[in-house]
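Residue numbers (the numbering used here): 129 to 250.
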């Protein structure tokens with residue numbers, strides 16, 4: 129449904145932005161852009177819609193169009209594949225365990241200026 133597609137696009141955009149923000153913190157903005165370009169080059173065969181992503185918080189319209197065109201499940205699978213490629217590339221440099229830890233920390237990071245949301249658990 130259109131609502132599901134919009135929600136999926138928002139999730140993909142948020143994950144991409146968090147990866148960008150978090151990884152740039154560890155490897156610098158230039159290092160992150162180089163890593164992303166290499167990952168996207170390897171990923172292009174898996175999903176061409178991801179080839180133009182910057183993962184900088186400005187990909188919303190492109191991601192929404194790709195989800196509408198290809199479906200939510202396919203784009204979520206493509207995101208999962210991209211994250212796997214990022215882990216593989218980082219793993220060649222810092223080892224797989226550290227690469228996974230960096231990706232997990234980056235994905236959990238909040239973009240700058242985003243307030244923390246209070247826990248709903250009591």
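Even glycine gets a Cβ: it sits at the ideal position worked out from N, Cα and C.
Beta-carbon gap between residue i and residue j smaller than 9 Å
i, j, result
"residue 141", "residue 173", "no"
"residue 181", "residue 164", "yes"
"residue 145", "residue 184", "yes"
"residue 230", "residue 151", "yes"
"residue 200", "residue 136", "yes"
"residue 175", "residue 134", "no"
Cβ shell of residue i (< 7 Å), same chain only, five flanking positions each side left out
i, result
"residue 219", "227"
"residue 170", "213"
"residue 198", "177"
"residue 143", "207, 235"
"residue 130", "none"
Neighbourhood of residue i by C-beta distance below 8 Å, restricted to the same chain and skipping five residues each side
i, result
"residue 190", "177, 180, 181"
"residue 215", "224, 227, 228, 231"
"residue 160", "148, 151, 152"
"residue 222", "230"
Three-state secondary structure assigned by DSSP to residue i
i, result
"residue 185", "coil"
"residue 155", "helix"
"residue 231", "helix"
"residue 177", "helix"
"residue 172", "coil"
Status (buried if at least 16 other CB within 10 Å, exposed otherwise) for residue i
i, result
"residue 167", "buried"
"residue 194", "buried"
"residue 132", "exposed"
Extent of the continuous alpha helix (DSSP H) to which residue i belongs
i, result
"residue 215", "200–222"
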